[in-house]
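J.: Note that the protein sequences, when read in sequence, are chains A and W. Each residue of the first sequence is one higher than the one before, counting from 146 in my numbering. Each residue of the second sequence is one higher than the one before, counting from 8 in my numbering.
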Amino acid sequence: MSLRLKYQTVLTQLAPAGAVGVSLALGAAAPAAASQAPVDTQPSATDKDKVSERLAAVRDAVTAIDQIRTDAAKAEGRLAWGNWGFGWGGGGGYGWPNWNNWHNWRNWGNWFRNW
Amino acid sequence: MPRIQLLVVQPTPFCNIDCRYCYLADRANKSVVARETLENLFTQVFASGWIDQELSVVWHAGEPLVLPIAFYRDALTMIDGLKPAGLPVKHSFQTNGTLIDDAWCDFIAEADIAVGVSIDGPQRLHDRNRITRSGRGTFDKTVAGIRRLKRHGVPFHVISVLTAESLAAPEEMFEFYLAEGIDHVCFNVEESEGEHRSESFAEIGIEDAYYDFLGEFWRLAAAHPGRIRFIREIDDAQRNIFRPREAGFFNQLATPFAITSMDWTGNIATFSPELLGLKNALYNNFVLGNVNRDRLTDLAGTPLLLRMKRDIDAGIEQCRARCEYFSVCGGGEPVNKLFENGSFASAETTYCRMTKMRATDLVLDRLERMAGFVDGTEATAAPERTAPMV
């Protein structure tokens, strides 16, 4: 299975729970006794896949999921589903840039959280 | 045309405490910005055409609350009178919390000011570094401030600076936040800036320690839904990873005037806000001009700005060419490149390895693990689904 398909499969299952649900699921997906496990024993795809390829595959998966949802919503004559992707609107409406905020501050704007 | 998204105002360089890792050399100076200087700043900012849909203003370093409430009441009224009709202006304080009393809580609530409190976790960790000039810990006063904010129902987040000691204590940090009702947390690392050289960065294995800390903290938060509602480093990493391929990346810290900083004298700087107040002969202490003397819009064409931009862009191109993580960071933070590598025109830093690369690794590794649960290659049972936070 391609990286994109693998990520699309898992993200399709997680996405209905929204950004919070995705974060909770990933947070809970820690190896047992995560704090004690040496980093080099933790699961990673880095041995076979470059980080840039993994990131690109995730984004392709996000785009594909988005498209499927948008098409389904159009076919059913309803609005596209709500935002699930950490501030990235469904249906291609990516109105906000991705910011590299200053770390001695926190942006309290509502553009990156939709819950 | 530049777009100002964040305006950082240093109304005084003075800080009432003296943290061991502080990079601000002028923090004993009790000077205060003049009303005319503030008026010049905001008049020029609003007339510049550089504001888009909203403006965020953060009152920052030294300690903004050493100035009286009357100062801010007057300043905010003035700013409100100067701003174009309909333009949202959101104010924030980043404070050490030691001076927060009931009157401050009332004012903060009344003026709808966002508050960030700097606290480094439980007392034994906080008081190692966040001390008074006489060397006493500031934990008790900071916690008292936080409890007052809670009593008054004023929302706030905390920024905690992680050191080698706190990186080894994620559960203790987590329990502390829970005990104090802190649900929005941001983690900074003790970094090398200005004259400060990070002891943490010199530790062997510090990057793996950061990965482990974040991973365990995230696991604990997921196991206690609704208690920690925001972990900036995790939320930011996920936002930067789980985005559509069409969405680009905007590096605010490398874009002229996206973040604009002014010190108490009216000096203007841009890029990383920490630059303003640091000494540097090559870049004229990073000062582009002064609002009492210069037109803000003229500063966009100064040779100094162009030189800084050229060097910062050269560093970004190095990152773009060689870094696997470029798409989640956009070329990093200029201040860290300068003070770790000696040049804006450089690439990887310890800061970015920790805060960008390892945080990205963590999210991707968790995604791999989830994918393993789904396709059956991960032997361990999938974690139980937790209830969504409300």
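Backbone N, C-alpha and C define an ideal beta-carbon position, used for all residues, glycine too. Owing to the predicted nature of the structure, the values given are computational and were not obtained by experimental measurement.
Can you round the beta-carbon distance between Trp271 of chain W and Val39 of chain W to whole angstroms, since I take them to be within the 8 Å contact cut?
T.: Locating residue 271 of chain W in the second sequence gives position 264, counting from the first residue. Locating residue 39 of chain W in the second sequence gives position 32, counting from the first residue. Confirmed, Cβ separation roughly 6 Å.
J.: Who does Asn297 of chain W pair with in a DSSP beta bridge?
T.: Residue 297 of chain W sits at position 290 when you count from the first residue of the second sequence. In the DSSP output, where bridge partners are listed per residue, Asn297 of chain W has W:Asn274.
J.: Going along the chain, which residues of its own chain have a beta-carbon closer than 7 Å to the beta-carbon of Leu311 of chain W, five neighbours each way excluded?
T.: Start at 1 with the first residue of the second sequence, and residue 311 of chain W comes out as number 304. Correct list, in chain order: Tyr290, Asn291 and Leu295.
J.: Is Ser147 of chain A close to chain W? Criterion is C-beta to C-beta, closer than 9 Å.
T.: Within the first sequence, residue 147 of chain A is the residue found at index 2, counting from 1. So no, Ser147 of chain A is outside the interface.
J.: Tell me, please, which residues DSSP counts as bridged to Ser167 of chain W.
T.: The residue given as residue 167 of chain W occupies position 160 in the second sequence. Note: Ser167 of chain W sits in a beta bridge opposite W:Phe194.
J.: Spatial neighbours of Pro242 of chain A within its chain, please: CB distance less than 6 Å, with the 5 preceding and 5 following residues excluded, ordered by chain position.
T.: Taking the first sequence and counting its residues from 1, one reaches residue 242 of chain A at position 97. Residue placement at Pro242 of chain A is flagged as unreliable, the pLDDT there being 43, under the threshold of 50; the coordinate-derived value follows with that caveat. Closer than 6 Å at the Cβ level, and outside the excluded window around Pro242 of chain A, lies no residue.
J.: Let me know if Lys363 of chain W comes out buried or exposed under the rule of 16 or more other beta-carbons within 10 Å of its beta-carbon.
T.: Position 356 of the second sequence holds residue 363 of chain W. Its Cβ being crowded by 16 or more others within 10 Å, Lys363 of chain W is buried.
J.: I want to see whether chain W comes within less than 9 Å of Thr215 of chain A, judged by CB atoms only; does it?
T.: Locating residue 215 of chain A in the first sequence gives position 70, counting from the first residue. Cβ-Cβ to chain W under 9 Å: no for Thr215 of chain A.
J.: Could you list which residues in chain D have their beta carbon closer than 7 Å to that of Gly172 of chain A, in chain order?
T.: Absent from the structure is chain D; the protein chains it does hold are A and W.
J.: Quick check: what's the CA-CA separation for Thr44 of chain W versus Val298 of chain W?
T.: Numbered from its first residue, the second sequence carries residue 44 of chain W at position 37. Numbered from its first residue, the second sequence carries residue 298 of chain W at position 291. Distance between the alpha carbons of Thr44 of chain W and Val298 of chain W: 7 Å.
J.: Report the option in W:Asp301, W:Ser279 and W:Arg365 whose CA atom is closest to the CA atom of Gly201 of chain W.
T.: Within the second sequence, residue 201 of chain W is the residue found at index 194, counting from 1. When each option's Cα is compared against that of Gly201 of chain W, the closest is W:Ser279.
J.: So which residues on chain W does Lys195 of chain A lean against when the C-beta distance must stay under 7 Å?
T.: As a working mapping, residue 195 of chain A is identified with position 50 in the first sequence. Near Lys195 of chain A (Cβ distances below 7 Å), the residues of chain W are Glu331.
J.: Determine the chain W residues that contact Ala218 of chain A at a beta-carbon separation under 9 Å, and present them in chain order.
T.: Taking the first sequence and counting its residues from 1, one reaches residue 218 of chain A at position 73. Result: empty, since nearest Cβ-Cβ is about 16 Å, beyond 9 Å.
J.: Residue ranges of each beta strand (DSSP E) run of no fewer than 3 residues wholly in the segment 128–190 of chain W, ordered along the chain?
T.: Whole beta strand (DSSP E) segments, 3+ residues: 163–169.
J.: Return no unless some Cβ of chain A is closer than 9 Å to the Cβ of Phe114 of chain W.
T.: As a position in the second sequence, residue 114 of chain W is number 107, starting the count at 1. Output row for Phe114 of chain W: interface = no.
J.: I want to see whether chain A comes within less than 9 Å of Leu306 of chain W, judged by CB atoms only; does it?
T.: Within the second sequence, the letter at position 299 stands for residue 306 of chain W. Taking Cβ atoms only, chain A never reaches closer than 9 Å to Leu306 of chain W, which makes this a no.
J.: Report the CB separation of Thr145 of chain W from Val124 of chain W in whole angstroms; it is logged as a contact under 8 Å.
T.: For this step, residue 145 of chain W is matched to residue 138 along the second sequence. For this step, residue 124 of chain W is matched to residue 117 along the second sequence. No, Thr145 of chain W and Val124 of chain W are not in contact; Cβ-Cβ is about 11 Å, not under 8 Å.
J.: Any beta carbon of chain A sitting closer than 9 Å to that of Asp270 of chain W?
T.: By 1-based counting over the second sequence, the position of residue 270 of chain W is 263. No - not a single Cβ of chain A is within 9 Å of the one on Asp270 of chain W.
J.: Taking a contact to mean a Cβ-Cβ separation below 9 Å, would you say Glu206 of chain W touches Ala171 of chain W in this structure?
T.: By 1-based counting over the second sequence, the position of residue 206 of chain W is 199. By 1-based counting over the second sequence, the position of residue 171 of chain W is 164. Yes; because the gap between Cβ atoms is below 9 Å, this pair is in contact.
J.: Does the pairing of the segment 163–175 of chain A with the segment 365–376 of chain W give three or more beta-carbon distances under 8 Å?
T.: Contact holds: three or more Cβ-Cβ distances are below 8 Å.
J.: Could you tell me how far apart the beta carbons of Tyr218 of chain W and Arg360 of chain W are, in whole angstroms, since I believe they sit closer than 8 Å?
T.: Here residue 218 of chain W refers to the residue found at position 211 when the second sequence is read from its first residue. Here residue 360 of chain W refers to the residue found at position 353 when the second sequence is read from its first residue. About 10 Å separates the two Cβ atoms, so there is no contact after all.
J.: Measure the alpha-carbon distance for Ser6 of chain W versus Arg327 of chain W and round it to whole angstroms.
T.: Examination of residue 6 of chain W is not possible in this model, given that chain W is present from 8 through 397 alone.
J.: Alpha carbon to alpha carbon, how far is Ser63 of chain W from Asp243 of chain W? Give it in angstroms, no decimals.
T.: Taking the first residue of the second sequence as 1, we reach residue 243 of chain W at position 236. Taking the first residue of the second sequence as 1, we reach residue 63 of chain W at position 56. Cα to Cα, Asp243 of chain W sits roughly 19 Å from Ser63 of chain W.
J.: Please compile the residues from chain A whose C-beta is within a distance smaller than 8 Å of the C-beta of Asn195 of chain W.
T.: Taking the first residue of the second sequence as position 1, residue 195 of chain W is located at position 188. Going along chain A in sequence order, the residues near Asn195 of chain W (Cβ under 8 Å) are His248 and Asn249.
J.: Residue range of the alpha helix (DSSP H) that Leu369 of chain W falls in?
T.: Numbered from its first residue, the second sequence carries residue 369 of chain W at position 362. First-last of the alpha helix (DSSP H) with Leu369 of chain W: Ala366 to Asp382.
J.: With a CB to CB cut of under 6 Å and the five nearest residues on each side skipped, what residues in its chain are close to Asn136 of chain W?
T.: As a first step, residue 136 of chain W must be located in the second sequence, where it is residue number 129. If we look at Asn136 of chain W and ignore the five residues flanking it on each side, its Cβ neighbours are Cys26, Arg27 and Tyr28.
J.: For Ala354 of chain W, count neighbouring C-beta atoms within 10 Å of its own C-beta (all shown protein chains included) and say buried if the count is 16 or more, exposed if not.
T.: As a position in the second sequence, residue 354 of chain W is number 347, starting the count at 1. Its Cβ being crowded by 16 or more others within 10 Å, Ala354 of chain W is buried.
J.: Name the DSSP bridge partner or partners of Lys97 of chain W?
T.: One-based indexing of the second sequence puts residue 97 of chain W at position 90. DSSP output for Lys97 of chain W lists W:Ser63 as bridge partner(s).
J.: DSSP has Gly123 of chain W in a bridge; who is on the other side?
T.: Within the second sequence, numbered from 1, the residue matching residue 123 of chain W stands at position 116. In the DSSP output, where bridge partners are listed per residue, Gly123 of chain W has W:Gln101 and W:His164.
J.: Considering Cα atoms alone, identify which of W:Cys193, W:Asn343 and W:Thr357 is closest to Phe351 of chain W.
T.: Within the second sequence, residue 351 of chain W is the residue found at index 344, counting from 1. Taking only the C-alpha atoms, the option nearest Phe351 of chain W is W:Asn343.
J.: Along the alpha helix (DSSP H) that carries Gln212 of chain A, what are the first and last residues, could you check?
T.: Position 67 of the first sequence, counted from the start, is the residue given in the question as residue 212 of chain A. Gln212 of chain A -> alpha helix (DSSP H) spans Val196 to Ala220.
J.: According to DSSP, what are the bridge partners of Thr267 of chain W?
T.: Position 260 of the second sequence, counting from 1, holds the residue named residue 267 of chain W. Note: Thr267 of chain W sits in a beta bridge opposite W:Leu14 and W:Thr277.
J.: Hey, would you say Glu253 of chain W sits closer than 9 Å to Thr208 of chain A, going by beta carbons?
T.: Within the second sequence, numbered from 1, the residue matching residue 253 of chain W stands at position 246. Within the first sequence, numbered from 1, the residue matching residue 208 of chain A stands at position 63. Yes, the pair counts as a contact, with Cβ atoms nearer than the cut-off.
J.: Just by C-beta distance, which residues in the segment 22–41 of chain W are closer than 8 Å to chain A?
T.: Flagged: no residues at all.
J.: May I ask you to list the residues that DSSP assigns as paired with Phe351 of chain W?
T.: Along the second sequence, one-based indexing puts residue 351 of chain W at 344. Paired residue(s): none; Phe351 of chain W is not in a bridge.
J.: Using a C-beta cutoff of 9 Å, does Ile107 of chain W count as contacting chain A?
T.: Residue numbering aside, residue 107 of chain W sits at position 100 when the second sequence is read from its first letter. So, not an interface residue.
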